[in-house]
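Residue numbers (our numbering): 117 to 430. Idealized CB from N, CA, C, for every residue including glycine. Taking it in order: structure first as structure tokens, then the write-up.
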């Protein structure tokens, strides 16, 4: 891209930006194909029998809803956050993101309970929102949406004694690939792509290979429409068990996971919120991008706020 005049000339090299855009489009295509393939496996969705219904208090739901409003607000700094029936919002500080994205946009918002609203230990509070997550300062609560905090070592929260009003929860939409995407998982998805064509696992992927190379390999493996994996194939044991098995995860989520999912109940689509253990979550084959969008999280968080989940009455 460039422009010039009689006095000066300017030029800009956007090669890297174009490369990233092309990679993102390739990755989107790959994940669409993988999502279709994943539906063949039993662990491509939450096992209702292995999950526990989530039953939060009203105060906890209100704090999570307030955290969501702050997190969403990082994408629209010019907009205003409408007060709810139980709290008010006052944006306190904004730290802009860097051009390269190495520094994420952060907003701090003061949330106070409205006069006459039920007393709660959670408010007032200062919420720090970092492009999709929100954490409660002072009591060190942590509320995230589609992007759980990760550590290289597993941390058991049972050994801690949180204070009153402290909340630690990771809200996740069922099928959200972002919540599963560390390197071993992505490489395993490459093997899912190869299984679509009855090809052996690509076990020789180098640790030094780039994301572009990994995605290109997976796309190439799915382009041959004439070599589809037949349902009666005997060469891929994982198909016989109807489960896709993953390698050991590189990162571990910090805090419990609440997965939001929809099920057809009593002749209508209903929202369920369930808690899933670490061991069960690591088995899930999620590879859908669309459910990571803000609009779907917004819709389901609103349903939580209104009490329209787990067969509760609004």
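N- and C-terminal bounds of the alpha helix (DSSP H) containing residue i
i: residue 308; result: 299-311
i: residue 418; result: 410-421
i: residue 397; result: 394-397
Residue i burial status per 10 Å Cβ neighbour count (16 or more: buried)
i: residue 188; result: buried
i: residue 434; result: As shown, the chain starts at 117 and ends at 430. That puts residue 434 outside it, with no answer to give.
i: residue 264; result: buried
i: residue 285; result: buried
i: residue 402; result: buried
i: residue 155; result: exposed
i: residue 427; result: exposed
i: residue 163; result: exposed
i: residue 151; result: buried
i: residue 230; result: exposed
Through-space distance from residue j to residue i, alpha-carbon basis
i: residue 324; j: residue 408; result: With a pLDDT of 45 at residue 324, under the threshold of 50, the modelled position of that residue is not reliable, and the figure given next carries that caveat. Each residue's alpha carbon lies about 28 Å from the other.
i: residue 144; j: residue 405; result: 7 Å
i: residue 371; j: residue 300; result: 21 Å
i: residue 179; j: residue 159; result: 32 Å
i: residue 365; j: residue 267; result: 11 Å
i: residue 181; j: residue 262; result: 14 Å
i: residue 259; j: residue 183; result: 7 Å
i: residue 172; j: residue 190; result: 26 Å
i: residue 399; j: residue 362; result: 7 Å
i: residue 208; j: residue 374; result: 29 Å
i: residue 420; j: residue 288; result: 13 Å
i: residue 316; j: residue 308; result: 10 Å
i: residue 210; j: residue 201; result: 25 Å
i: residue 410; j: residue 291; result: 15 Å
i: residue 195; j: residue 424; result: 27 Å
i: residue 241; j: residue 233; result: 15 Å
i: residue 295; j: residue 380; result: 24 Å
i: residue 343; j: residue 314; result: A caution first: residue 343 carries a pLDDT of 36, below 50, which makes its placement in the model unreliable, though a value can still be read off. Roughly 7 Å between the two C-alpha positions.
i: residue 199; j: residue 377; result: 27 Å
Whole-number beta carbon distance between residue j and residue i, since they are thought to touch under 8 Å
i: residue 358; j: residue 157; result: 6 Å
i: residue 141; j: residue 312; result: Not really, about 20 Å apart at Cβ, beyond 8 Å.
i: residue 283; j: residue 176; result: 6 Å
i: residue 244; j: residue 222; result: 6 Å
Limits of the beta strand (DSSP E) - the one that residue i falls within
i: residue 358; result: Here residue 358 belongs to no beta strand (DSSP E), and DSSP marks it neither H nor E.
i: residue 282; result: It is not in any beta strand (DSSP E) - residue 282 carries neither H nor E in the DSSP assignment.
i: residue 375; result: 373-381
i: residue 432; result: Because the chain is modelled from 117 through 430, residue 432 falls outside the range shown and cannot be assessed.
8 Å Cβ cutoff, residue i in contact with chain B
i: residue 408; result: Among the chains in the structure shown there is no chain B, since it carries only a single protein chain.
Residue i Cβ short of 7 Å to the ligand NAD heavy atom set
i: residue 388; result: As far as ligands go, the structure on display features none, and thus does not contain the ligand NAD.
- Message: In chain order, what are the residue ranges of uninterrupted alpha helix (DSSP H) at least 4 long that sit wholly in the region 138-224?
- Response: Scanning the region 138-224 for uninterrupted alpha helix (DSSP H) segments of 4 residues or longer gives 174-189, listed from N- to C-terminal end.
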